[in-house]
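Novice: In UniProt numbering, the protein residues as written are 1 to 1122.
Quick reminder that beta carbons are idealized off the backbone N, C-alpha and C, glycines included.
If you're wondering where the values come from, they're calculated on a predicted model, not measured in any experiment.
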């Protein structure tokens, strides 16, 4: 229906019906005398029309605007009612927020916006340009409509506008901008056309004369600001008049309010100190009352000031600090004599937050994705958003305080030496503690806001001596450089506005620093020159600005001269090393292809390895991909070196490092430092290193770790069995088989009685499940119904013991089998089948906060999980491919990228045997073709509705996110055989890839039909807007670029996963596999050049002829439609 209204004559017909309906209503409303057509009732109809003015279909908008125009022209009193006017103002705010969301959450668009206050709901399209146009047109109309209402009833409408402004709480709107409130203030200030006096004033050019003063005065009067909870101002207290004409204020009156508020504040403060729960409404009321009394009192104000400032710092949330700032500045401006005292308390609260490690100064880590638990699960944007909000809540108090201090310092410059002293001490202590702050990319803004504030303060000081200025500038530069001691960070989430603000702050820091170039520019006695340190800081900022600019505008083509050059740092490397060796080490990550920079950093590491023992990444430079001959005395420091990620540690067992005792001991210590939940992911790689375990360290690690986790032990055993033979029929043993048999026997012998019982139950259960395939072999040529009956017969024989699980689902316990779910799968000589199991999983409570993760309650969740059991097929290559996809998932999550992948689980359990999880709620593109669906676009329309429908646009958004992620992964891992049988679409619209038998350096038949970087067919482009210039397709390109840029930083870690598998005998490996894999990341290109490179990949794929040729080949040979 929606598409027909938009594109066919039905729309014209519906418009005529709407016009006639409005005519009939207006005719009756204007001429009627019944209560049902009174202004309040007409206002409700008008509010509904206003919703239509924001509709996602243009013709509906046109009809609603036309109807609103006519209704207001004929019955202006309809807009003089609360229902209609509040609805209009709230719609302005909602439309503004919808446009803002396109900047603050680029790829996860929101379709529905609701206001309880205005009783309005709107459903919007995903087209950002259409939203902006709708807002612009609606805002223009609103100005005209409200002007007419003010002309008709100026006092009533302005009274409603004041009422609208009264009831307001900050709901987190970015920058505290609510368009409805701004519009209310603007319209409340206008001169009504019916005002005969003011409209006849002689106009003076350039002067915007209005009635804002009267409007604000009336609004202020409504606030009853002279009364606090019904308490009368001290100035209005009663007095006793004596016979002599003298008067005395009643003794009990002036002190009582102050004492009451002091006691209430102290009570609230003590409750917070005891960590008792105090509703924020109680805190807010106590603080407001105390601030009011404080502004009027003349004595005994010290306790009130301490608690007025101390309580918001005790709560230390964005809401509490915002309230505190408002009250503190109010007290300062009303009572200037309290300025120094209030500021001193604020500084004390800030310093206390540093000591207690609160907010920005807390130990919140943003871990490298290879240091945390990787999951075989679909991407979860909700978890990323929750993590993003957690960091925002953590750093927001200090960000708001920084804004307040910056503003106040600018306003109070040169007013008092004591204020200068407070700021000097505060900045000195703050900058000295900025090496240990929140490590999230989202902390970049507050980090450099503090640096900028410190520079502004240094610039404004007039009384400080040169040594003091030198020390402060040195501390500021060190604080700024501390950010670059961490690995390079992109951003987190999809907030383009956030990154723009960060770039602006970095530019401001650079420009302010240039004005202070003379401070410390030359040596002065014992004070060294700060020139090189400042130059290093400026160059790093420029490089950071360049990176972030690419992230903001990935599709923009800029001149190559804008990229930072590694040559700029050749002369600054000594300064970086002296300041912090981590800064020097991370320069290698910023310029991964600069061999000279890497060599110079390595020279410093070789001379002073003890200075870098706290930086694990330094080992990449010092040791490299094989043990260098010049590293000898330095190896003793490995006994103390901070542990690398587990995958990098596993590579130190490879022959390239010669089984050196120091290296192997470090590798074991690094592995043991990580939780078994983290190392569990790398079981295939750990088993492969048994090939080189001459000294038995890997064996010992496996046996010791198995004592902590039976699940780890079982996965190790299954993987060792799968790698014991080179062929699928267990006839050609792998050279490592004797070692695997020995370790397997030692591992089983090490089990306790309970562990052995669990092992026997689990392997007996799984043996029976996989044994069904063996019983099917005599039935291979039989009809499917007969084979299905045989499967069900065998499934009924299986007894589900306590605690058993599927190898592909170690985090869930099997509690039942759907005995009728058995399904034989197509195979010429093998007997794979599918069955469904009832599984109980323990999941963390989603309502638990990040701080409670360790103690979070868990909920049991029951799910049906289908699995495919294969016998005679080597699944190990699929295991590796999905392991890498899961690693990419972790990388995308690390930058908060809204890209979707679903690395399902595959476990190889024996030679040619394995279990594969079935993707839930999905269908292959091949099956869509067999169901006579002409193309993906037609499928989306038939399943989700027309292109204008919300469901279609939500599905398209999911399609774009998954297409981008899988496209980049397919290119980097060289997935081939991408016919329609290996591409799935789930119920939400995500595209998913399965079956990775051809990757890296092999292709079907050895012939590379598929020459495109990845599969991007016309039907895929049709779903993404039908044009390479459409908004969804551009979002696809942006996500591709960001996924590629985020992945480039982890090329070594990804290579390690592949490198340890090279001797496994998998057919996908050639002698040049690792070299080609790294080359695909184009590390020699700058970030901007890499972005342009990805755009070329997209365009090559979109125009590729070979993709269609391969699909046609599959149709002819295997009957797979396309």
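1) Report, in whole angstroms, the separation of the C-beta atoms of residue 999 and residue 1029, which I expect to be a contact under 8 Å.
2) Quick check: what's the CA-CA separation for residue 225 versus residue 504?
3) Classify residue 719 as helix, strand or coil using the three-state DSSP reduction.
4) For the beta strand (DSSP E) holding residue 907, just list the boundary residues, first then last.
5) In the DSSP assignment, find the beta strand (DSSP E) that holds residue 979 and state where it starts and stops.
6) Rounded to the nearest angstrom, what separates residue 1042 and residue 554 at their Cα positions?
7) For a test of the three-state rule: what should DSSP assign to residue 227, helix, strand or coil?
8) What residues in its chain sit with their C-beta under 7 Å from that of residue 786, if we drop five residues either side in the sequence?
9) Could you tell me if residue 614 is buried or exposed, where buried requires 16 or more neighbouring beta carbons within 10 angstroms of its beta carbon?
10) What residue range does the alpha helix (DSSP H) around residue 1040 cover?
11) Quick check on this structure: which residue in 286, 285 and 612 has the alpha carbon closest to the alpha carbon of residue 640?
12) Find out if the Cβ-Cβ distance for the pair residue 928, residue 904 is shorter than 8 Å.
13) Write down the C-beta distance between residue 686 and residue 678 rounded to the nearest angstrom, noting that I regard them as a contact closer than 8 Å.
14) Just list the beta strand (DSSP E) runs in the region 587-627, keeping only unbroken ones of 3 residues or longer that don't cross its boundaries, in chain order.
15) Kindly identify the DSSP beta-bridge partner or partners of residue 813.
16) I need the boundaries of the beta strand (DSSP E) containing residue 915, first residue and last residue.
17) Quick check on this structure: which residue in 833, 811, 810 and 815 has the alpha carbon closest to the alpha carbon of residue 821?
18) DSSP state of residue 1067, grouped into three classes?
19) Buried or exposed: where does residue 520 fall if 16 or more other Cβ atoms within 10 Å of its Cβ makes it buried?
20) Which term fits residue 577, buried or exposed, when burial requires 16 or more other beta carbons within 10 angstroms of its beta carbon?
21) Residues in its own chain within less than 6 Å of residue 763 by CB, not counting five upstream and five downstream?
22) By alpha-carbon positions, which one of 1053, 923, 1036 and 45 ends up nearest to residue 1102?
23) Consider the Cβ of residue 1080: report whether some Cβ of chain B lies at a distance smaller than 8 Å.
24) Which residue or residues does DSSP assign as beta-bridge partners of residue 993?
25) Mind checking whether residue 967 and residue 913 have CB atoms under 8 Å apart?
26) Please say whether residue 308 and residue 294 have beta carbons closer to each other than 8 Å?
27) Is it the case that the region 722-736 contacts the region 768-784, given that we only count it when at least three CB pairs across the two stretches are under 8 Å?
28) Out of 647, 823, 607 and 648, which one is the CA nearest neighbour of residue 630?
29) Which of the three DSSP states is assigned to residue 1124 in this structure?
30) Here's the rule I'm using: 16 or more other beta-carbon atoms within 10 Å means buried, otherwise exposed. How should residue 869 be labelled?
31) Within 8 Å, do at least three Cβ pairs link the region 344-363 to the region 860-877?
32) Identify whether residue 764 lies in helix, strand or coil by the three-state DSSP scheme.
33) My output table needs one value for residue 352: the three-state DSSP class, helix, strand or coil.
34) Just to confirm, are residue 808 and residue 907 a CB contact at a threshold of 8 Å?
35) Ignore the nearest five residues each way along the sequence and tell me which others in residue 881's own chain have a CB closer than 8 Å to its CB.
36) CB residue 54 to CB residue 15, shorter than 8 Å?
Specialist: This is what the structure holds:
1) Residue 999 to residue 1029, Cβ: 33 Å. No contact.
2) Low confidence applies here, because residue 225 scores a pLDDT of 43, under 50, leaving its location unreliable; read the following figure in that light. For residue 225 and residue 504, the distance between alpha carbons rounds to 39 Å.
3) helix
4) 906-910
5) Here residue 979 belongs to no beta strand (DSSP E), and DSSP marks it neither H nor E.
6) 8 Å
7) Unreliable positioning characterises residue 227 in this predicted model, as indicated by a pLDDT of 43, which lies under 50. A coordinate reading is not provided.
8) 779
9) exposed
10) 1031-1048
11) 612
12) no
13) Wrong, their Cβ atoms sit about 12 Å apart, outside the cutoff.
14) none
15) 840
16) 913-917
17) 833
18) coil
19) buried
20) buried
21) none
22) 1036
23) The chain inventory of the structure shown lacks chain B, comprising one protein chain alone.
24) 983
25) no
26) yes
27) no
28) 607
29) Since the first and last residues shown for the chain are 1 and 1122, residue 1124 lies out of range.
30) buried
31) no
32) helix
33) helix
34) yes
35) 973, 975, 996 and 999
36) no
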